[in-house]
Structures are given as structure tokens and as C-alpha cells.
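Novice: Going down the list, the sequences are from chains S and X.
Okay, so the first sequence: first residue is 1 according to full-length UniProt numbering, each after it adds one.
Okay, so the second sequence: first residue is 1 according to full-length UniProt numbering, each after it adds one.
We put the beta carbon where it would ideally sit given N, CA and C, even for glycine.
Handing you a structure now.
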Amino acid sequence: MMERLTVAERQQAMLITAVLALAGLILAIAGRNDPMGVHGWMTLFFAGGLFFVVGNALYAAEPTEDRTTSYYDDPTKVGILLSLFWAVVAMGMGVWVAAQLAWPDLRFDAAWSSFGRIRPVHTSGVIFGFGGNALIATSYHVMQRTSRARLAGHVSPWFVLLGFNLFCIIAASGYLMGITQSKEYAEPEWYADIWLVIVWVSYFVLYMRTLARRNEPHIYVANWYYMAFILVVAMLHIVNNLAVPASFSAAKSYSAFSGVQDAMTQWWYGHNAVAFFLTSGFLGMLYYFLPKRAERPIYSYRLSILSFWGIVFFYIWAGSHHLHYTAVPQWVQTLGMTFSVMLLVPSWASAGNALMTLNGAWGKVRDDATLRFMMVAAVFYGLSTFEGSFMAVRAVNSLSHYTDWTVGHVHAGAMGWVALITFGSIYALVPILWRRESMYSWKLVEWHFWLALIGTVIYVFAMWNSGIIQGLMWRTYTESGTLAYSFTDSLVAMHPYYVARTIGGAFFLTGAIIGAFNVIMTIRRVRQDTHELDYPTKSEAGEPAVPVAE
Amino acid sequence: MLRKILKPFSKFFEFHARTHYRAERHSMGLTIGIIAAAAVGGFVEIAPLFSIDDTVEADPNMRVYTPLEQAGRDIYIREGCYACHSQMIRTLRDEVDRYGPYSLAVESQYDHPMLWGSKRTGPDLARVGEKFSDEWQVQHLADPRSLVPESVMPQYAFLLNTSLETASLPGRLAALRTVGVPYTDEQVANAADDARGQAIPDSDRAYAVEERYGEATNIRFFDGRRDRLTEMDALVAYLQILGGLSDLPRNMQIPEGD
């Protein structure tokens with residue numbers, strides 16, 4: 001991989017890693033009496049390792065050919081592999097936390113292994129490790145192809161990808177040591193948050209610089225979504241993580257906000273992490289890989305515009321539906337509910353646009369599991385956005401809130417939509433990236449598809465059942481007007497569903513492991529194949545970057 | 001039918017699509033558009049919460065956490081207790097019957113961050129303070145299934161054997177003061193001593209705690225041990241104050257017939 005970098009670029013990379021290693025050393029010394037110090041050492045080893053990898057090949061041969069005539073895919077390849085690695089680790093964690101609720105002794109009595117500490121490893125690992133790496137990797141691929149231009153820069157794509165993974169490692173290991181802000185999906189402490197801001201700004205600059213090189217006058221839909229993902233996540237991350245550290249030699253910090261304002265800020269963040277991380281970014285993926293794989297143009301450009309701006313504008317308002325009947329003022333709750341219901345329009349416009357795109361290619365959906373992954377993802381996207389709008393209605397929320405129904409809803413979205421579109425895109429992307437004839441085994445892709453689908457369905461049904469039963473038991477009164485069930489009664493009733501959800505999760509995890517195996521075997525075993533026209537060209541020449549309307 | 005409903009908006013859609021068509025040729029145009037569209041909602045919903053006075057009720061008698069309670073709160077956060085326990089009783093009849101008066105905004109006024117939670121794998125804890133004895137809490141934390149056989153809560157016996165780190169407490173209180181909790185200079189300076197004092201009744205330190213934080217402060221051997229100050233002391237002290245920082249909810253929501 002180093003052969004595609006010039007000596008100057010390698011020196012630049014060494015300078016960056018050296019500075020980062022130094023920052024790690026400072027953190028390690030400052031935090032020597034605190035778990036933060038461990039993160040300092042980890043940063044030092046991470047950056048130092050990269051420093052030596054680059055330094056080792058500093059004076060190796062330089063690239064000879066004109067680099068602008070091809071796309072730069074090395075960071076994409078590494079990003080895909082990292083994404084699969086995190087998928088297996090984080091979904092494995094998910095199965096373990098699920099099992100702990102059914103069999104609490106599986107906690108094995110260590111401080112680090114309690115539900116409260118490993119649950120964020122699962123959530124952050126899946127959202128940021130698996131999802132984030134897949135988003136960064138596919139965005140590199142998509143922005144180059146739809147712009148018909150090579151990535152702007154050779155060091156910054158690596159900086160963004162590896163820097164983001166350093167953030168993920170710090171986050172996940174921190175939870176195990178008890179470092180957390182307790183803000184759901186924004187748990188990492190102040191130094192990790194600052195680091196993510198630096199990485200994220202570089203990501204945006206890289207995106208804009210690549211778009212500036214484009215050979216297409218128009219910016220393709222997928223890029224709008226990736227841009228919204230990058231921009232709004234930056235905004236959310238910075239505001240929600242405003243905090244004052246208790247000292248610069250320890251990890252602990254205190255949020256700038258308290259009580260009502262903190263709750264509103266947190267769920268403004270939390271819900272829009274769903275919107276702009278788990279929806280917008282993955283819609284970018286959908287808008288590129290689905291039409292490419294189906295070899296059909298996007299059904300409607302108009303609908304794309306409508307749903308894009310609808311999602312960007314409406315979603316931001318919806319966060320307060322997490323706070324129905326709480327101490328947050330009623331007017332905020334009502335606004336959140338209203339916009340959540342309206343959100344159904346742009347959400348279904350996107351899902352509909354995707355499914356209508358497949359009209360005329362249903363034969364391919366039947367035969368090709370990769371395309372089927374994407375089709376089912378679009379269906380789950382439609383279902384879970386409907387469910388979300390429904391649950392945001394105050395009366396429904398009074399039953400569903402605090403129960404497993406919420407967990408089921410999130411997993412319908414995360415497994416059914418996010419993970420399936422990601423796996424579909426990965427199966428479409430891997431043969432192109434590594435210039436292979438096809439995937440190693442289409443049968444394994446089928447296996448993965450069915451395991452993932454069955455796993456999701458088992459999981460979601462189990463959580464619907466347990467959530468609704470739980471909600472009803474909590475509010476059931478006896479004829480004499482007293483509560484009919486103790487909290488423990490409701491907990492006992494959950495047990496069979498907690499077992500079922502663990503099984504569903506295990507199915508899903510097995511699928512992911514098969515997928516990772518299939519990708520690795522594709523890289524190692526399948527014959528090389530030259531892909532025509534996969535290089536930057538003017539739009540008049542060559543085939544269109546994405547299928548155009550007839 | 002659909003056409004008829006959408007007709008009044010057709011001009012808007014037309015304009016919108018045209019504007020977008022122009023904007024999508026300029027990456028900066030899209031950037032500005034996205035930031036503008038995404039900024040509105042958050043601004044309208046969050047900014048007024050800081051400026052509208054009746055968002056948070058006024059309670060002049062609202063207490064702050066003592067250093068020991070705050071240390072316990074930090075342990076509660078560290079262990080991720082909020083993942084399974086909420087601290088927000090909603091304005092619903094069954095929740096008030098089960099957990100007590102519904103939560104008011106003022107009660108989490110000094111909570112940086114709030115711990116309202118989003119999931120009840122275990123029961124709500126907003127008013128768990130003084131519902132159970134210290135002995136029950138310690139036993140339950142160390143081995144939940146010895147008291148509630150059906151419980152799925154992890155055991156936290158190690159808290160009993162871990163000394164509480166108090167050296168950082170002045171820094172913690174100072175940081176909290178920076179973000180708006182009204183600690184006095186004296187409270188910040190003596191935070192480490194006060195944490196010890198609260199767990200050793202009838203000592204000079206304990207009297208100092210009472211003086212600085214009020215007579216109503218719980219001063220007890222929370223973990224039942226006199227020889228050392230453990231993380232269990234802190235966590236139990238925190239749990240026992242939950243719901244006890246303000247009397248406003250009970251005063252405002254007097255049950256019928258009382």
C-alpha cells in the first residue's frame with residue numbers, strides 16, 4: 001500500500017503520527033493516576049506503530065504512473081475490513097449483554113463485565129465501529145465514482161479512517177474501565193470528543209476538496225446524504241459534548257447542561273444520531289449501491305429532493321418525543337410528536353423511491369442475494385420509520401417508553417435497515433474494489449441473508465412481545481384500584497423473551513461471521529478480473545457513474 | 001385524490017426543486033442549505049428552555065449533593081446503572097402509584113448530566129431514597145439475588161472492598177460550580193474531608209458536614225463498616241438521597257384525602 005504514496009506524503013504521515021504519539025505520551029503522563037493514562041499509552045502505541053510502519057517503507061519505490069488517472073481505493077479496502085471486524089466484535093458483545101439479561105450469572109463477577117459497562121461497548125461498537133467504518137469507506141468509494149475524480153489527498157483519507165478507529169478503540173476500552181459521560185451514544189469523555197472533532201473536520205474538508213475536483217456538473221444524491229451526515233453529526237457532537245473536565249489529569253468531566261436542558265440536548269443529539277448517522281449516511285449508501293446493483297436509474301429525482309430536505313429539516317425537531325410525560329415543558333413534547341409524525345412523509349418517500357427503483361428488476365432481486373439485502377433493508381427502513389412515528393405519538397409512548405418495545409424498534413432499524421444495507425453494499429463493493437470476478441461463494445451470501453433476516457425477525461418479535469407485556473403489566477390495576485403486578489412480576493414475565501432475543505442475536509452474529517469469512521476468502525482465493533471503466537473520466541466519455549433515466 | 005391534496009403545494013414543490021437543482025451544482029450551496037435546515041429545529045426547541053423562567057420550578061430550599069453523594073453519583077455513572085434504571089417518574093397514574101409523586105424539573109436542576117434514563121430493566125429510582133435501609137441496599141448491591149431471587153441485576157460486591165478516592169473531590173466540585181451548581185468556596189475546599197465525615201457519625205468532621213450542608217444531611221456508616229470509606233458508602237449515600245433534594249414534589253402533589 002505504501003507504494004502508492006510519494007516520499008513527501010510518507011514524511012507527512014510520519015509527522016502526523018509523531019505528533020499524535022507525543023499527544024498520547026502527554027495524556028499518559030498527565031493521567032498516570034487515572035484510567036485516562038491507559039488511553040494515553042494506547043494512543044502512543046497506536047500512533048507509534050503507524051509511525052514505524054510508514055518509516056520502514058520511507059524510501060521504498062515511489063509511484064511512477066500518473067495517479068490522477070485512477071481512483072484511490074486503499075483506504076476504502078481497509079475501511080471495509082475494519083467495519084467487518086467491528087461487526088463481529090460488537091455483535092458478539094451484543095449477544096453477550098443479551099444473554100446476561102436472561103442468565104445474569106454470565107457476568108462472571110469481574111468489575112468490567114457488568115451489563116452497564118459492556119452495553120455501551122455493544123452500542124458504540126455497532127454504531128461507530130461497524131456503521132461508522134462502513135460509512136467512511138463507502139463514502140470514499142461513492143464520492144470518487146460519482147465525481148469521476150480521485151480522492152483529494154493521500155494522507156488525509158488515512159488520517160480520517162485510522163483516527164476514527166482510534167476514537168472507537170478509546171471509546172470501547174474506556175467503558176470497560178468505567179470511563180463514560182453517561183450520555184447515551186455520546187459516552188466517550190472530553191479528550192476523545194476533542195479528538196473526534198479534529199478527525200471529523202478533516203473528513204469534511206476531504207469531502208469538499210474531492211467534490212471540488214469533480215468532472216460532473218451535478219453532485220449526486222448519495223453525496224447530499226453523506227454531506228448531511230458529516231455536517232450535522234459535527235454539530236450534534238460538539239453541542240451535546242460541551243463539558244468541563246474536573247481536572248486535566250483525569251477523564252471525569254461534567255456536562256455543561258443540567259436537568260431539563262440536558263435532557264433536551266441529549267435527546268436532540270440521541271435522536272439525530274439515529275437520523276444523521278444511522279439514516280442519512282446509510283441512505284447515501286442505498287442511493288448509490290442499489291441502483292448500481294439493480295442497473296436501474298433512481299425512480300424519481302424529484303422524490304429524492306423532497307425526501308432529502310424533508311429528512312434534514314424534520315428530523316431535528318423529533319428528539320423531544322423521547323421525553324413525553326416528563327418534566328420537559330409540554331410545548332416541546334408536542335412539537336417533537338408533531339414533527340415525528342410528519343417525518344413519515346420524507347421517510348416513506350425515500351423507502352418508496354428505493355423500492356420503485358427495483359420495479360423491472362424483481363427477477364434480479366429473486367436471484368441475487370446481494371440486491372435482496374438492499375431490498376429488504378429498504379422495506380425495514382419503511383417499517384421502522386412507520387413504527388417510529390407511531391411510537392412518538394404521546395398516547396402510544398406512554399405504553400412503549402422505558403420498555404423493550406423501544407429496544408425492539410431500534411433493532412428493527414439497526415439490524416433490518418442499517419446492517420442489511422451495509423452488508424448488501426459490502427457484497428456489491430468487495431469484488432469491484434479488489435478487482436475480483438465475484439464473491440467467493442454466492443451460497444454463503446444466501447446463508448448470511450437468511451440468517452440475518454431470521455435473526456432480525458426473532459429479535460424484533462421477542463422485543464415487541466416483551467415490551468408490550470411489560471408496559472401493560474405496569475399499568476394494570478386490580479378491581480380494588482391497586483396495581484396488579486409488582487415490578488418483579490413483570491421481570492419474570494420477560495425471561496422467555498430475553499432468551500429468544502439472545503437466540504435471534506446469535507443468528508445475526510453467525511451471519512456476520514459468515515460474511516466476514518466470505519469477504520476474506522474472496523480477497524485470498526478468487527481470480528483477478530479487470531473492471532472496465534472504473535477510473536476517472538469526463539462525463540461525456542465512458543459509462544455514467546450511476547445509471548441514468550432512459 | 002393525491003394530486004388534489006398536493007395541488008396547493010405544487011408551486012412550492014416546483015420552486016423547491018428548481019432551487020435545489022441550482023444548489024446541487026455548488027458544494028458550498030448544499031453545505032449552507034443543510035446547516036440552515038438542520039439548525040432551525042434544535043434552536044427553536046432548546047434555546048427557549050434556557051430563557052423561559054417557568055421551565056424549571058423555583059425551590060429556594062433545593063439541596064446540593066454532598067461530596068460523598070456526588071462521588072456516589074459518579075460511581076452510578078461509571079457502572080452504567082442508568083442503562084437499566086430511570087430517574088424520571090412520568091405524569092401517569094400508574095407511575096405515581098408505583099413510584100411516588102411525578103418528577104419535577106427542579107429536582108434535576110443540579111444534575112450534570114441528568115440521569116433520567118430511557119429504559120427500565122429495573123425499577124425507577126427517582127424516589128428510592130430511604131425506601132430501604134442502608135443494610136438492605138448494601139446487601140442488594142453486593143448480591144441482588146440473595147434478596148430478590150428473580151433479579152437480573154449484576155452484583156457489585158467489589159464496591160465494598162474498594163476504597164473511595166477522595167483527593168479529586170475538590171476538583172470535581174469546582175468543575176460542577178463552573179457549570180452552575182452553587183457550591184461555596186468552603187464546600188469546595190473541604191470536599192475530601194466532608195466525604196469522610198459524612199460516613200463517620202458523631203465525629204468533628206461529621207459536625208462540619210452538618211454545618212456546611214444542613215441538618216437534614218444523612219450522616220451514617222452507610223456500608224456498615226467503621227474502619228474505612230468505601231465506594232459502597234458513596235453509592236449508598238447517593239441512592240438514599242434520591243428524591244430527597246427537594247420537598248416541592250410532595251408539597252405540590254398532596255394526595256387526595258390528606
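Are three or more beta carbon pairs between the region 419-433 of chain S and the region 120-137 of chain S nearer than 8 Å?
Specialist: Verdict: yes, contact present.
Novice: Just to confirm, is the Cβ distance from residue 70 (chain S) to residue 535 (chain S) under 7 Å?
Specialist: A contact, by the Cβ cut-off of 7 Å.
Novice: Tell me the rounded alpha-carbon separation between residue 442 (chain S) and residue 419 (chain S).
Specialist: Each residue's Cα considered, the two are about 19 Å apart.
Novice: For residue 379 (chain S), which three-state DSSP category applies?
Specialist: Note: residue 379 (chain S) maps to helix in three-state DSSP.
Novice: For residue 16 (chain X), which residues of its own chain have a beta-carbon under 7 Å away from its beta-carbon, when the five flanking residues on both sides are left out?
Specialist: The answer is none, since no qualifying residue turns up.
Novice: Given 8 Å as the limit, is there contact between the region 156-174 of chain X and the region 226-243 of chain X, that is, 3 or more CB pairs closer than that?
Specialist: Touching, yes.
Novice: Give the interface partners of residue 144 (chain S) over in chain X, defined as CB-CB distance under 8 Å, in chain order.
Specialist: Neighbours of residue 144 (chain S) on chain X: none; closest Cβ ~15 Å, over 8 Å.
Novice: Rounded to whole angstroms, how far is the Cβ of residue 110 (chain X) from the Cβ of residue 64 (chain X), which I believe are closer than 8 Å?
Specialist: The pair is a contact, with the Cβ atoms about 6 Å apart (cut-off 8 Å).
Novice: Nearest chain X C-beta to residue 232 (chain S) closer than 7 Å, yes or no?
Specialist: Chain X, which has a Cβ nearer than 7 Å to the Cβ of residue 232 (chain S), makes this yes.
Novice: Could you tell me which residues DSSP puts in a beta bridge with residue 230 (chain X)?
Specialist: Its beta-bridge partners are X:163.
Novice: For residue 285 (chain S), count the other beta carbons within 10 Å of its own beta carbon; 16 or more makes it buried, fewer makes it exposed. Which is it?
Specialist: Flag for residue 285 (chain S) reads buried.
Novice: Is it true that the CB of residue 515 (chain S) sits closer than 7 Å to the CB of residue 411 (chain S)?
Specialist: Taking 7 Å as the Cβ cut-off, residue 411 (chain S) and residue 515 (chain S) do not qualify as a contacting pair.
Novice: With a Cβ-Cβ cutoff of 7 Å, do residue 82 (chain S) and residue 47 (chain S) count as a contact?
Specialist: No, they are not a contact pair.
Novice: Which runs of the beta strand (DSSP E) spanning at least 3 residues fall entirely within the region 6-94 of chain X, listed in chain order?
Specialist: With a minimum length of 3 residues, no continuous beta strand (DSSP E) run stays inside the region 6-94 of chain X.
Novice: By the criterion of Cβ-Cβ separation under 8 Å, what are the contact partners of residue 183 (chain S) in chain X?
Specialist: Under the 8 Å cutoff, chain X gives 113.
Novice: With the cut-off set at 7 Å, would you say residue 27 (chain X) and residue 143 (chain S) are in Cβ contact?
Specialist: Not closer than 7 Å, so no.
Novice: Rank X:216, X:199, X:205, X:212 by C-alpha distance to the C-alpha of residue 232 (chain X) and give the top, closest one.
Specialist: Ranking the options by Cα distance to residue 232 (chain X), first place goes to X:199.
Novice: With a Cβ-Cβ cutoff of 7 Å, do residue 218 (chain S) and residue 9 (chain S) count as a contact?
Specialist: No; because the gap between Cβ atoms is not below 7 Å, this pair is not in contact.
Novice: State the beta-bridge partners of residue 436 (chain S) as determined by DSSP.
Specialist: Partner(s): S:528.
Novice: Determine whether the Cβ of residue 260 (chain X) lies closer than 7 Å to any Cβ atom of chain S.
Specialist: Only positions 1 to 258 of chain X appear in the structure, and residue 260 (chain X) is not among them; the question remains open.
Novice: So, is the C-beta of residue 263 (chain S) closer than 7 Å to a C-beta in chain X?
Specialist: So yes, residue 263 (chain S) belongs to the interface.
Novice: Answer yes or no: does any C-beta atom of chain S fall closer than 7 Å to that of residue 97 (chain X)?
Specialist: Yes, because at least one Cβ of chain S sits closer than 7 Å to the Cβ of residue 97 (chain X).
Novice: Which bits of chain S does residue 35 (chain X) rub up against, with CB to CB less than 7 Å?
Specialist: Those within 7 Å of residue 35 (chain X) in chain S are 231.
Novice: Are residue 434 (chain S) and residue 523 (chain S) touching if we call contact CB-CB under 7 Å?
Specialist: Against a cut-off of 7 Å, the Cβ pair of residue 523 (chain S) and residue 434 (chain S) comes out as a contact.
Novice: Any beta carbon of chain S sitting closer than 7 Å to that of residue 178 (chain X)?
Specialist: True, the Cβ-Cβ gap to chain S drops below 7 Å.
Novice: Along the region 480-513 of chain S, what residues have a CB closer than 7 Å to any CB found in chain X?
Specialist: Residues 483, 487, 488, 491, 492.
Novice: DSSP puts residue 244 (chain S) in a beta bridge; with which residues?
Specialist: In DSSP, residue 244 (chain S) forms a bridge with S:254.
Novice: Check whether the region 346-365 of chain S touches the region 397-407 of chain S, taking contact to mean three or more Cβ pairs, one atom from each stretch, closer than 8 Å.
Specialist: The region 346-365 of chain S, when compared against the region 397-407 of chain S, does not touch it at the 8 Å Cβ threshold.
Novice: When you compare the region 300-312 of chain S with the region 80-93 of chain X, are there three or more beta-carbon pairs, one atom per stretch, that lie closer than 8 Å?
Specialist: No, they do not touch.
Novice: Shortest alpha-carbon distance to residue 162 (chain S) belongs to which of S:182, S:198, S:183?
Specialist: Cα-wise, what sits closest to residue 162 (chain S) is S:198.
Novice: Does residue 533 (chain S) have its Cβ less than 7 Å from a Cβ in chain X?
Specialist: So, not an interface residue.
Novice: Given residue 258 (chain X), which residues of its chain have a CB within under 6 Å of its CB, disregarding the five upstream and five downstream residues?
Specialist: Because residue 258 (chain X) carries a pLDDT of 49, less than 50, the predicted location of this residue cannot be relied on, and no value is offered for it.
Novice: What do you reckon, are the CB atoms on residue 23 (chain S) and residue 37 (chain S) nearer than 7 Å?
Specialist: Cβ distance not < 7 Å, so residue 23 (chain S) and residue 37 (chain S) don't count as in contact.
Novice: What is the rounded straight-line gap between the Cα of residue 246 (chain S) and the Cα of residue 181 (chain X)?
Specialist: Rounded to whole angstroms, residue 246 (chain S) to residue 181 (chain X) spans 13 Å at the Cα level.
Novice: In three-state terms, what does DSSP make of residue 156 (chain X)?
Specialist: If DSSP states are grouped into helix, strand and coil, residue 156 (chain X) belongs with coil.
Novice: Per DSSP, what kind of secondary structure is residue 119 (chain X) in: helix, strand or coil?
Specialist: Looking at residue 119 (chain X) - three-state DSSP - the assignment turns out to be strand.
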